[in-house]
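**Q** One point on numbering: in full-length UniProt numbering, the residue at position 291 of the sequence shown is 291, and numbering is uninterrupted.
C-beta atoms are modelled at their ideal positions from N, C-alpha and C, and glycine is treated no differently.
All values reported here derive from a predicted model rather than from experimental measurement.
Starting off with a structure, shown below.
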Amino acid sequence: MKPQKRIGILTSGGDCPGLNFVIRAVVRHATLTYDWEVVGIPYATQGLLEGKTMLLNCHGLDLHGIDPLLSLGGTILGSINKGDTLAQASQILASYEKLGLDALIAVGGDGSLMILHELALQGNWNFVGIPKTIDNDVAQTVWSVGFDTAVNTVVDALNRLIYTAASHDRVMIVEVMGRKAGHLALHSGIAGGADCIIIPEIPYSIQGICNHLAELRNRWGHRFAILVVAEGAKVATDTKDCENVCQPNQKPNCGMGQYIADQIIRCTNNQIDVRTSVLGHIQRGGLPSALDRLLATAFGKVAVDMVAQEKYNCIVTWQNGQVVPMPIEEVLRQSPTGVDPNGYLVQTARALGVYLGDTQ
Ligand SMILES: Nc1ncnc2c1ncn2[C@@H]1O[C@H](COP(=O)(O)OP(=O)(O)OP(=O)(O)O)[C@@H](O)[C@H]1O
Ligand SMILES: O=P(O)(O)OC[C@H]1O[C@](O)(CO)[C@@H](O)[C@@H]1O
Ligand SMILES: [Mg+2]
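Right, dumping it as structure tokens:
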């Protein structure tokens, strides 16, 4: 007779494609392999606070043999990325006790996993984390669930924008998500053939961008350009040129993409036609790519195995082609982790003539 367990799963932080594949893998493996009961906790820490659960059953999820989770974006459990959660810790801990869970599997980004780990420590919960985020800024894992799909979404947008930019000889600025980390901008910018990639980890100067645009026109005859700008891009503090349009550390209230567009227009005396596209939450929507489905499924499977082996306080990560559970403190201590300004992808982009901020 297998030991019975009742485990909980929740999704927290910004949603992303692939979350339902994690839920599907956890429910199927826990139910079919171990014969456990799995309950979903709606809206992350809000559901914990209110002591809410929904029973997840892999047969119940089937629709005439077709699993609806195969074709649903977002998360069927709902998610939140705000709230004064730690101030409500004692109520959450009391609610958690009443749920009678043997373990909790939480799917989240760095922010959510940090909060949930803190709660797990205070409540002595049996806790396993699964990394998801289109920012891909959770340390120690090559991929987080949702990132690959978001990269593909941005590349798809670039494939479209490049033609309209070329048709009108325009500079097209594409603002993508990434407040602290530029992984999404860097990966999609390289894959989509961007001329400039502006990320938070490498401050840009407006003169550097304008010089690059001039070189594209004058030396190579390229009359259009594509700039991928992360929403958290930063102006170099030592900017000397164009100082009248470029205030170091100034926070734009129009969005980073439009801010840089305005700077280019002013710095080039209105000689360049610039347009801005903000991709926004489109980047978090849609169905997951095959890679995200595989990752989500492999992470869900190993997270359940960790519970079976009673190895807690870990986060599953993807390293060297396999899932590797890592101590949660170690992962969170290094998160969020940004782009290495001297890393191979930055070198690759620079080698192809992409402007990525000024070299020091
Ligand atoms: N479930 C939650 N409950 C309360 N606050 C949260 C929760 N998840 C995140 N937050 C808060 O929101 C802030 C931003 O979190 P963030 O958006 O980075 O979420 P995340 O889990 O890292 O996922 P992602 O970055 O992919 O959206 C965190 O620093 C934290 O204060
Ligand atoms: O609009 P929301 O849901 O608060 O979240 C936006 C933020 O979440 C992230 O998409 C990560 O999920 C960031 O890149 C972005 O700034
Ligand atoms: Mg985050």
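Of the residues I282, Q258 and L332, which one's Cα is nearest the Cα of G146?
**A** It is I282.
**Q** May I have all residues whose beta carbon comes closer than 5 Å to any heavy atom of ligand 3, sorted in chain order?
**A** Selection output, chain order preserved: G109, D110 and G111.
**Q** Using a threshold of 9 Å, state whether the C-beta atoms of A44 and S71 are closer than that.
**A** No. Outside cutoff.
**Q** Here's the rule I'm using: 16 or more other beta-carbon atoms within 10 Å means buried, otherwise exposed. How should M54 be labelled?
**A** Label assigned to M54: exposed.
**Q** Using beta-carbon positions only, say whether P288 and T164 come within less than 9 Å of one another.
**A** Not a contact, by the Cβ cut-off of 9 Å.
**Q** In angstroms with no decimal places, state the Cα-to-Cα distance between L356 and E175.
**A** Their backbone Cα atoms lie some 15 Å apart in a straight line.
**Q** So, at 7 Å on beta carbons, what are the nonlocal neighbours of Y204 in its own chain, with the 5 sequence-adjacent residues on each side left out?
**A** Only I198, A233, V235, A236 and G357 meet the Cβ criterion.
**Q** Give a single yes or no on whether L116 has its beta carbon closer than 8 Å to a heavy atom of ligand 1.
**A** The answer is yes for L116.
**Q** Identify whether V339 lies in helix, strand or coil by the three-state DSSP scheme.
**A** Three-state DSSP puts V339 in coil, outside helix and strand.
**Q** Of the residues G285, S90, H64 and D262, which one's Cα is nearest the Cα of T276?
**A** Ranking the options by Cα distance to T276, first place goes to D262.
**Q** Relative to the C-alpha of V154, which residue among V229, Q122, G123 and A94 is closest?
**A** The option with the nearest alpha carbon to V154 is V229.
**Q** Can you tell me which of the three DSSP states L345 falls into?
**A** Note: L345 maps to helix in three-state DSSP.
**Q** Using only the alpha-carbon positions, how far apart do G208 and V107 sit?
**A** Between G208 and V107, the C-alpha separation is close to 40 Å.
**Q** DSSP on E37, reduced to helix/strand/coil?
**A** Strand.
**Q** Is L113 close to ligand 1? I mean its beta-carbon at under 8 Å from any heavy atom of the ligand.
**A** True, at least one ligand heavy atom lies under 8 Å from that Cβ.
**Q** For ligand 2, is there any heavy atom lying closer than 8 Å to the beta carbon of D292?
**A** No, the Cβ of D292 stays beyond 8 Å of every heavy atom of ligand 2.
**Q** Let me check you understand the geometry: is the CB of K301 closer than 8 Å to at least one non-hydrogen atom of ligand 1?
**A** No; taking the cut-off as 8 Å, the Cβ of K301 has no heavy atom of ligand 1 nearer than that.
**Q** Can you list the alpha helix (DSSP H) stretches of 4 or more residues lying completely in the stretch 67–129, in chain order?
**A** If we require 4 residues or more, the alpha helix (DSSP H) runs fully inside the stretch 67–129 come out as 89–99 and 110–123.
**Q** Rounded to the nearest angstrom, how far is the Cβ of P17 from that of I315, given a contact under 8 Å?
**A** About 20 Å; that fails the 8 Å criterion.
**Q** Within the chosen definition, does the stretch 108–115 reach the stretch 90–97 through at least 3 CB pairs nearer than 8 Å?
**A** Cβ pair count under 8 Å is below three, so no.
**Q** By DSSP's criteria, G8 is part of a beta bridge. Which residues make up the other side?
**A** In the DSSP output, where bridge partners are listed per residue, G8 has V39 and L104.
**Q** Identify the continuous alpha helix (DSSP H) that holds A225 and give its terminal residues.
**A** Run containing A225: none in the alpha helix (DSSP H); it sits in the beta strand (DSSP E), A225 to A230.
**Q** Going by beta carbon distance, what residues of the same chain come within less than 8 Å of L352, once the five residues before and after it are set aside?
**A** Contacts found: I190.
**Q** Between C267 and ligand 2, is there a pair consisting of the residue's CB and a ligand heavy atom that are separated by less than 8 Å?
**A** No, the Cβ of C267 stays beyond 8 Å of every heavy atom of ligand 2.
**Q** So, is G97 buried or exposed, given that buried needs 16 or more other C-beta atoms within 10 angstroms?
**A** It should be pointed out that residue 97 corresponds to Glu in this sequence rather than to Gly. Per the 10 Å Cβ criterion, exposed.
**Q** In terms of residue numbering, what span does the beta strand (DSSP E) encompassing S277 cover?
**A** Residues V274 to V278.
**Q** Does the stretch 323–335 come into contact with the stretch 286–302, if we say contact requires no fewer than three beta-carbon pairs (one atom in each stretch) closer than 8 Å?
**A** Yes: the two stretches touch, three or more of their Cβ pairs being nearer than 8 Å.
**Q** Does any heavy atom of ligand 2 sit closer than 8 Å to the C-beta of M172?
**A** Checking every heavy atom of ligand 2 against the Cβ of M172, none is found closer than 8 Å.
**Q** When the distance is taken between beta carbons, is A89 closer than 9 Å to L104?
**A** No, they are not a contact pair.
**Q** Can you have a look at C246 and say buried or exposed, based on whether 16 or more other CB atoms are within 10 angstroms of its CB?
**A** Below a pLDDT of 50, predicted positions are generally treated as unreliable, and C246, at 48, falls in that range; the measurement from the model is reported next regardless. So C246 counts as buried.
**Q** Find out if the Cβ-Cβ distance for the pair I23, I41 is shorter than 9 Å.
**A** No; because the gap between Cβ atoms is not below 9 Å, this pair is not in contact.
**Q** Going by alpha carbons, who is nearest to L19 out of T337, P336, S144 and E201?
**A** Residue S144 is the option with its Cα nearest to L19.
**Q** My understanding is that V354 touches A214, with C-beta atoms under 8 Å, so please give their C-beta distance in whole angstroms.
**A** Between A214 and V354 the Cβ distance is about 16 Å, and since that is not below 8 Å, they are no contact.
**Q** Looking only at its own chain, which residues have a Cβ that is under 6 Å from the Cβ of L56, when we skip the five neighbours before and after it?
**A** Cβ within range, chain order: V27, V38 and G40.
**Q** Quick check on this structure: which residue in R170, T317, E50 and R223 has the alpha carbon closest to the alpha carbon of V128?
**A** Minimum Cα distance to V128 is reached at T317.
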